[in-house]
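The block underneath contains the structure these notes are about, expressed in structure tokens.
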Amino acid sequence: RYVRCQMAIPGLTTYGSRGDATVPALNPAQTRTWEHRPYINTVPALFEHLRVALGNDVELLHDVHERIPASDGVWLAKALEQYRLFFLEDLFSPEDIAYFNIVRQQTSTPLAMGELFVNQAEYVPLIKDRLIDFIRVHISDIGGFTMAHKLAAFCEFMGVRTAWHGPGDVSPIGHAANMHLDLATPNFGIQELSLMGDELREVFPGTPEVHDGAMWANDLPGWGVDIDEALAARYPFKEEPGNGYWPEIRRLDGTIIKP
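Going by the working numbering, the first residue of the sequence shown is number 8, and it counts up by one from there.
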């Protein structure tokens with residue numbers, strides 16, 4: 008079993024993904040609050056608890072989401088080493104990838120990176136110098152299936168495994184593309200997937216089935232997924248403030264956090 012383990016800090020958002028009910032309903036400029044110090048002080052305790060409760064037979068993953076200063080990222084990776092994570096994700100933001108050189112010299116915690124990458128200048132140095140263990144790119148952001156297939160082959164030479172980005176805002180067609188790439192990749196590592204409800208399966212016939220934690224491909228042509236536009240018309244996009252963008256993340260003193 009592979010489990011991504013996240014947590015909330017009282018009084019703060021989780022790691023930029025959700026806030027509380029205090030934001031005015033019609034305010035398009037939403038703001039979320041975050042403090043790195045309570046977070047990094049609590050995460051090691053979370054994984055100590057999980058290892059005591061679950062033992063070593065369950066693989067544990069954690070996503071930092073580029074929300075902490077780079078020097079604290081080095082400390083956190085070292086602090087989590089004893090808990091044998093499957094990987095620690097997005098420890099640094101893309102503009103701070105030089106810190107992977109530092110953290111690699113100080114800890115054996117497996118590292119995953121890449122969901123914000125958009126070009127070769129960001130990921131080639133990390134792979135070439137074996138500074139990460141898993142590549143986490145969003146395949147449509149780097150040029151599509153063909154480019155991702157080339158990237159996977161390059162990673163294979165360097166001992167880097169794949170873990171393509173598969174969040175909830177990816178359609179069933181996108182998840183199917185990830186799965187087909189996984190099936191064609193010898194250095195496949197793990198695949199992120201958001202479970203899809205009945206409405207999505209109705210609109211996208213052929214959506215990959217999930218059984219016992221694994222996606223199953225079908226034998227239909229192409230990606231194996233179609234779209235029923237007539238059925239899709241029953242579920243119009245709900246226009247509301249905030250659709251289509253991430254809220255800004257700030258510290259309690261108002262300092263903005265990037266990315």
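We put the CB at the ideal spot given by N, CA and C, even for glycine. These numbers were taken from a predicted model, which means no experiment stands behind them.
1) Phe-195 by DSSP, collapsed to three states: which one?
2) Rounded to whole angstroms, what is the Cα-Cα separation between Ala-60 and Ser-100?
3) From the DSSP secondary-structure annotation, give me the bridge partner or partners of Val-217.
4) With 16 as the cutoff for other CB atoms within 10 Å, does Ala-160 come out buried or exposed?
5) Spatial neighbours of Ile-197 within its chain, please: C-beta separation below 7 angstroms, excluding the five flanking residues on both sides.
6) Does the separation of the CB atoms of Ala-84 and Thr-49 fall below 8 angstroms?
7) Smallest Cα separation from Arg-137: which of Gly-166, Ile-146, Ile-180?
8) How close, in whole Å, do the beta carbons of Pro-174 and Phe-211 come, if the pair is a contact with beta carbons under 8 angstroms?
9) Would Met-120 pass as a contact of Asp-97 if the rule is Cβ separation under 8 angstroms?
10) Please state the DSSP three-state secondary structure of Ile-180.
11) Look up Phe-93 in the DSSP assignment and say whether it is helix, strand or coil.
12) In the DSSP assignment, the beta strand (DSSP E) including Leu-118 goes from what residue to what residue?
13) Between which two residues does the beta strand (DSSP E) holding His-56 run?
14) Would you mind giving the Cβ-Cβ distance between Pro-45 and Leu-87, rounded to the nearest angstrom? I have them listed as a contact below 8 angstroms.
15) So what's Tyr-242 in DSSP terms, helix, strand or just coil?
16) Between the C-alpha atoms of Leu-95 and Val-71, what's the straight-line distance to the nearest angstrom?
17) Considering Ile-256, what are the terminal residues of the beta strand (DSSP E) in which it resides?
18) In terms of alpha-carbon separation, which member of Tyr-242, Glu-246, Glu-216, Leu-190 lies closest to Val-232?
19) Relative to the C-alpha of Phe-124, which residue among Val-110, Ile-146, Phe-107, Arg-168 is closest?
20) Pick helix, strand or coil for Thr-114, following the three-state DSSP scheme.
21) Count the other CB atoms, across all protein chains shown, that sit within 10 Å of the CB of Ile-134; report buried if there are 16 or more and exposed otherwise.
22) Which residues in the same chain as Thr-29 place their Cβ atom closer than 6 angstroms to its Cβ, once the five residues preceding and following it in sequence are excluded?
23) Going by DSSP, what residue range makes up the beta strand (DSSP E) through Thr-38?
24) Rounding to the nearest angstrom, what Cα-Cα distance links Asp-235 and Arg-39 in this structure?
25) Hey, out of Asp-205, Ala-237, Leu-53, Trp-41, whose CA is closest to Gly-298's CA?
The answer reads as follows:
1) Phe-195 falls in the strand class under three-state DSSP.
2) About 32 angstroms.
3) Looking at the DSSP assignment, Val-217 forms a beta bridge with Met-222.
4) Exposed: under 16 other Cβ atoms inside 10 Å.
5) Result list for Ile-197: Tyr-9, Ala-170, in chain order.
6) The Cβ atoms of Ala-84 and Thr-49 lie no closer than 8 angstroms to each other.
7) Scanning Gly-166, Ile-146, Ile-180 for the CA closest to the CA of Arg-137 turns up Gly-166.
8) A Cβ-Cβ distance of about 16 angstroms is found for the pair Pro-174 and Phe-211, leaving them out of contact under the 8 angstroms criterion.
9) Contact: yes.
10) DSSP places Ile-180 in helix when its eight states are reduced to three.
11) Reduced to three states, the DSSP call for Phe-93 is coil.
12) In the DSSP assignment, Leu-118 falls within the unbroken beta strand (DSSP E) covering 118-120.
13) Counting along the chain, His-56 falls outside any beta strand (DSSP E), though it belongs to the alpha helix (DSSP H) covering 43-61.
14) Not really, about 16 angstroms apart at Cβ, beyond 8 angstroms.
15) For Tyr-242, the three-state secondary structure derived from DSSP is coil.
16) For Leu-95 and Val-71, the distance between alpha carbons rounds to 7 angstroms.
17) Residues 255-257.
18) When the alpha-carbon of Val-232 is set against those of Tyr-242, Glu-246, Glu-216, Leu-190, the nearest one is in Glu-216.
19) Looking at the Cα atoms, Ile-146 is the closest of the given residues.
20) Thr-114 falls in the coil class under three-state DSSP.
21) Classification for Ile-134: buried.
22) In this prediction, Thr-29 has a pLDDT of 41, which is less than 50 and means its spatial position is unreliable; what the coordinates show is noted afterwards. Take Thr-29, set aside five residues on each side of it, and no residue of its chain has a beta-carbon closer than 6 angstroms to its own.
23) Annotation: the continuous beta strand (DSSP E) that includes Thr-38 extends over 38-40.
24) Distance from the CA atom of Asp-235 to the CA atom of Arg-39, rounded to whole angstroms, is 37 angstroms.
25) Because residue 298 is not part of the residues shown, which for the chain are 8 to 266, the question remains open.
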